[in-house]
Structure formats: C-alpha cells, structure tokens
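Visitor: Per our numbering, residue 806 is the first one in the sequence shown, and the count goes up by one each step.
Glycine included, each C-beta is placed from N, C-alpha and C at the ideal position.
Since the model is a prediction, treat every value here as computed from it, not as a measurement.
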Amino acid sequence: MKCAGSIETILITGANGLLGQKLCGHFSSSYKVIATDLHPENFVSFPNLSYENFDLTDGRALEFHVRFYNPEVILNAAAYTDVDGCEINRDQAWAVNVGGVRNLVGVCREHKIKLVHLSTDYIFDGEKGPYSEDDLPHPVSFYGKTKLESENVIKQSEIDFLIVRTNVLYGFGKKVKKNFLLWLIEKLSAGVKLEIVNDQLNNPTLADNLSECILEMVQKDMSGMFHIGGAEYLSRYDFALKVADKFEFDKANISATKTEFLNQKAKRPSRGGLKTEKAQKALQTKLLNIEEGLDQAKQSQKEKEIL
Ligand SMILES: NC(=O)c1ccc[n+]([C@@H]2O[C@H](COP(=O)([O-])OP(=O)(O)OC[C@H]3O[C@@H](n4cnc5c(N)ncnc54)[C@H](OP(=O)(O)O)[C@@H]3O)[C@@H](O)[C@H]2O)c1
C-alpha cells in the first residue's frame, strides 16, 4: 500500500460538483490533481490541476485514466445526488452510485490506490438522529439505498478506504446545482414567500469546511468510517431563518410547514444528521456552526463574485 507521505497525485471524481470544486482547490495546493467529471469543461481551474471528462460508469475509461496518471489516492465526490430523481431514474442512480463505485474499487484493488468515498446520513431512517458511526443503517429512500450499497461494496473489498458520511452540504460554487443555501438566496432575493419544514433536522455542513477536513484526513492517512457535519443541529426552518438573517432578507417571508405537506417523491429522514465526536477527536480542523459557516460562505461569495 502506498503511504500518505508518498502521495503525489490525487484523482478527484465529481470535480465540477459543489464538494468536488472545494476539494480541487484544497488538494491542488499540496498535490498534483487530476480533476474528472462528466462535462467537457471544468468549471473551476487551479494551478497544478488537469481535467479529464469521462463517465464513472465506463470502467474502461476509468482504468485508462488511472493507468495514465497513476494516482495514489482517488477522492470520489461524483454521485447521482438528486434525491427525488433517484426514485424515478432508479437504473441510472444505481449505475452511478453503485456501479461507478464498483469500478473505482476495481481500479483501487488492481493499482493499490486508497479510495476516499462520500456517503450520507440518508442511509439512516431518521427515527432517532443524529447518528453515530456505530448506528444501524436503514435507508428510507432509493438514494439512501444506493449510497448504503456503495459503502458495502467498499467495505467488502479489502482495499484501503476512508468513507466520510456528511449531510446537507451548502456553499457557493461555479455553476453548481442549487443547494439549500443557494435556493433560499434565489427565492428570498426575489421576495418569494417560502414554507420551510420544521420537522426535518440535521447539522448542515459548509462544503469548504468538509473539504478541509478531508484534506487533513488524507494527510494523516486516516482510514475507516467517519461522520463529518456542521456543529449545530437544527431544523431546515431554523436554518432558513439564520440564512435570512445573515444575508439580510425579510424573515417574514419564511413560514414553517411540515414534511407531509411537501409531496416530495422521496421520503426524507426526519431526525437525520450526524454525530461527529469521532472526527472531532481525530482532527484539528474545527467543524463550523451555522453562524461561522454562513460567514465563511458569504466571504467566499464576495471574493469570487458568485451568484
Ligand atoms: N449535497 C448534499 O447535501 C450531500 C449530503 C450528503 C452526502 N453527499 C455526498 O457528497 C458527495 C458530493 O456531493 P455534491 O453535493 O458535491 O454533489 P454534486 O454537486 O451533485 O456533484 C456531483 C458531481 O458528480 C457528477 N457526476 C454525476 N454522475 C457522474 C458520472 N456517471 N460520472 C462522473 N461524474 C458524474 C455530476 O455531474 P452532473 O451535475 O452533470 O450530473 C456532478 O458534477 C456525493 O457523494 C453525495 O452523495 C452530499
């Protein structure tokens, strides 16, 4: 097995996604980064970073790029992340979230590469969150099922792995899909009246903060299962009020509702979220509360003039 001190090259999948963009930024300051995603172009560029586009479900394309670049670590931030879409497009969701991970495990086994994989609190049913690494998974959505299966494929593979479960990622990025923060800002800035659920609880996670944690974990050559999430457990409604406060929108436009009135295709865990004590003990990187996370997000928005 290649050890952390000898890492030169990191391959990142899903590099155009929210977390992928942050990982590209953090890792390219210490390593040569091969950023990969579906799109012909990369959305963010950094010195020390090259970009390749291929579909993770195409095992031969993955093998080709791994042989060519010879990475010591693969960070898998690619996934079919549309939770409601997963209920409808089940074959595609399974192909990417499980088949893609099988392909990654194959090349990691063959070339003795460490795999760092992202998973989610949606592998739990939300009956009694927040959850620790030792709690029993029981997904209530197809997305959750695919992500749990991806974990199992990795755990059964005997490769060196790190699985990081996280929840409700938020932050700014170039051309990223609307995460909860971006969606709120778009609606509130247009003066739209919003009904937000107060019965879905979790600990929202600034994508930049998660990415910093993953950098530290890779540098420390950590393996196994870790939960990383923000330092504050609250409802979506309370999170929305804090966003309105921080970005100076009218809080009167936000009212509380219940999940049963939303008609979402996929069932959501109600008391979701993650206990993070294991990661906090092992890491120097501080997990941010909402106030700190939103401050940092606002700062990055200003610096990069995004949205
Ligand atoms: N977002 C959250 O709240 C959250 C919570 C818990 C866990 N996670 C996990 O964290 C990870 C990163 O999430 P994220 O929010 O950064 O995701 P994201 O913004 O949706 O980015 C995922 C990226 O993967 C790409 N991708 C999709 N299918 C692919 C394929 N077949 N081959 C190669 N690339 C493909 C996507 O391209 P397209 O956009 O073109 O599809 C996208 O650029 C995922 O594993 C997710 O399950 C996310």
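Is there at least one non-hydrogen atom of ligand 1 closer than 7 Å to the beta-carbon of D860?
Guide: Mapped onto the sequence shown, residue 860 falls at position 55. Yes, the Cβ of D860 comes within 7 Å of a heavy atom of ligand 1.
Visitor: With which residues is N1007 paired in a DSSP beta bridge?
Guide: In the sequence shown, residue 1007 corresponds to position 202, counting from 1. DSSP output for N1007 lists L1039 as bridge partner(s).
Visitor: Suppose you measure from the CA of E799 to the CA of T1090; what does that come to, to the nearest Å?
Guide: Since the first residue shown for the chain is 806 and the last is 1112, residue 799 is missing from the structure and cannot be characterised.
Visitor: Taking 8 Å as the cut-off, decide whether the C-beta atoms of Y1038 and G976 are in contact.
Guide: Residue numbering aside, residue 1038 sits at position 233 when the sequence shown is read from its first letter. Residue numbering aside, residue 976 sits at position 171 when the sequence shown is read from its first letter. It is not a contact, given that the beta carbons lie outside the stated cut-off.
Visitor: In whole angstroms, what is the alpha-carbon distance linking F848 and G825?
Guide: Position 43 of the sequence shown, counted from the first residue, corresponds to residue 848. Position 20 of the sequence shown, counted from the first residue, corresponds to residue 825. One C-alpha to the other measures close to 10 Å.
Visitor: Going by DSSP, what residues sit across from I1059 in a beta bridge?
Guide: As a working note, residue 1059 is residue 254 in the sequence shown. For I1059, which the question treats as bridged, DSSP gives the partners L999.
Visitor: If you follow the beta strand (DSSP E) that D842 is in, where does it begin and where does it stop?
Guide: Numbered from 1 along the sequence shown, position 37 holds the residue referred to as residue 842. Looking at the DSSP string, the run of the beta strand (DSSP E) that includes D842 is 837 to 842.
Visitor: Between the segment 1001 to 1021 and the segment 1071 to 1088, do three or more beta carbon pairs fall short of 8 Å?
Guide: Yes, the segment 1001 to 1021 is in contact with the segment 1071 to 1088.
Visitor: Which one or two residues does DSSP pair with N756 in a beta bridge?
Guide: Limits of the chain in this structure are 806 at one end and 1112 at the other, which puts residue 756 out of reach.
Visitor: Quick check on Q873: buried or exposed, where buried means 16 or more other Cβ atoms within 10 Å of its Cβ?
Guide: Against the sequence shown, residue 873 aligns to sequence position 68. Reading off the sequence shown, one finds Phe at residue 873, where the question assumed Gln. Exposed: under 16 other Cβ atoms inside 10 Å.
Visitor: Could you pull the start and end residues of the alpha helix (DSSP H) that F985 belongs to?
Guide: Translated into the one-based positions of the sequence shown, residue 985 becomes position 180. Looking at the DSSP string, the run of the alpha helix (DSSP H) that includes F985 is 985 to 994.
Visitor: Could you work out which residue in I817, G911, I928, E932 is closest to P876 when comparing CA atoms only?
Guide: Locating residue 876 in the sequence shown gives position 71, where the first residue counts as 1. The candidate whose alpha carbon is nearest that of P876 is I817.
Visitor: Any chance the CB of N875 is under 7 Å from a heavy atom of ligand 1?
Guide: As a position in the sequence shown, residue 875 is number 70, starting the count at 1. N875 Cβ: outside cutoff for every heavy atom of ligand 1.
Visitor: Could you give the C-beta distance for K1056 and L1046, rounded to a whole number, given that I count them as a contact under 8 Å?
Guide: In the sequence shown, residue 1056 corresponds to position 251, counting from 1. In the sequence shown, residue 1046 corresponds to position 241, counting from 1. So it is a contact: roughly 6 Å between Cβ atoms.
Visitor: Mind checking which residues open and close the beta strand (DSSP E) that includes R970?
Guide: Within the sequence shown, numbered from 1, the residue matching residue 970 stands at position 165. Unbroken beta strand (DSSP E) run through R970: 966 to 971.
Visitor: Do R907 and V958 count as a contact pair if the criterion is CB distance below 8 Å?
Guide: Counting from 1 along the sequence shown, the entry for residue 958 is found at position 153. Counting from 1 along the sequence shown, the entry for residue 907 is found at position 102. Yes, they are a contact pair.
Visitor: Is the Cβ-Cβ distance between F1031 and E938 less than 8 Å?
Guide: Within the sequence shown, residue 1031 is the residue found at index 226, counting from 1. Within the sequence shown, residue 938 is the residue found at index 133, counting from 1. Yes. Within cutoff.
Visitor: Would you list, in sequence order, the uninterrupted beta strand (DSSP E) runs of no fewer than 3 residues that lie entirely inside the segment 902 to 952?
Guide: The segment 902 to 952 contains these whole beta strand (DSSP E) runs: 919 to 925.
Visitor: Using 7 Å as the cut-off, classify the Cβ of Y1038 as near or not near the heavy atoms of ligand 1, replying yes or no.
Guide: Here residue 1038 is taken as the residue at index 233 of the sequence shown, counted from 1. Not under cutoff, so the answer is no.
Visitor: Give a yes or no on contact between the segment 888 to 907 and the segment 848 to 864, applying the rule of three or more CB pairs nearer than 8 Å.
Guide: Contact holds: three or more Cβ-Cβ distances are below 8 Å.
Visitor: If you drop the 5 nearest sequence neighbours on each side, which residues of the same chain put their C-beta closer than 6 Å to that of A1061?
Guide: Mapped onto the sequence shown, residue 1061 falls at position 256. Cβ neighbours of A1061 beyond the five flanking positions: N1003, Y1042.
Visitor: In or out: R865 buried (at least 16 other Cβ within 10 Å) or exposed?
Guide: Numbered from its first residue, the sequence shown carries residue 865 at position 60. Exposed, because fewer than 16 other Cβ atoms sit within 10 Å of the Cβ of R865.
Visitor: T1081 by DSSP, collapsed to three states: which one?
Guide: By 1-based counting over the sequence shown, the position of residue 1081 is 276. Coil at T1081, not helix or strand.
Visitor: What residue range is occupied by the uninterrupted beta strand (DSSP E) comprising L816?
Guide: Along the sequence shown, one-based indexing puts residue 816 at 11. Looking at the DSSP string, the run of the beta strand (DSSP E) that includes L816 is 814 to 818.
Visitor: Spell out the partners DSSP gives G1029 in its beta bridges.
Guide: Reading the sequence shown from its first residue, position 224 is the one you call residue 1029. Answer by DSSP bridge pairing, in chain order: L967.
Visitor: Going by other Cβ atoms of all chains shown within 10 Å of its Cβ, with 16 needed for buried, is K919 buried or exposed?
Guide: Here residue 919 corresponds to residue number 114 of the sequence shown, with the count starting at 1. Flag for K919 reads buried.
Visitor: Between which two residues does the beta strand (DSSP E) harbouring N1014 extend?
Guide: By 1-based counting over the sequence shown, the position of residue 1014 is 209. From DSSP, N1014 is part of no beta strand (DSSP E) but of the alpha helix (DSSP H) over 1012 to 1024.
Visitor: Please report the distance separating the alpha-carbon of E892 from that of P1074.
Guide: On the sequence shown, residue 892 is found 87 positions in, with the first residue counted as 1. On the sequence shown, residue 1074 is found 269 positions in, with the first residue counted as 1. Taking the straight line from one Cα to the other gives about 15 Å.
Visitor: When you compare each of K952, E1065, P935 to L1006 by their alpha carbons, which one comes out closest?
Guide: Here residue 1006 corresponds to residue number 201 of the sequence shown, with the count starting at 1. Of the listed residues, the one whose Cα sits closest to L1006 is P935.
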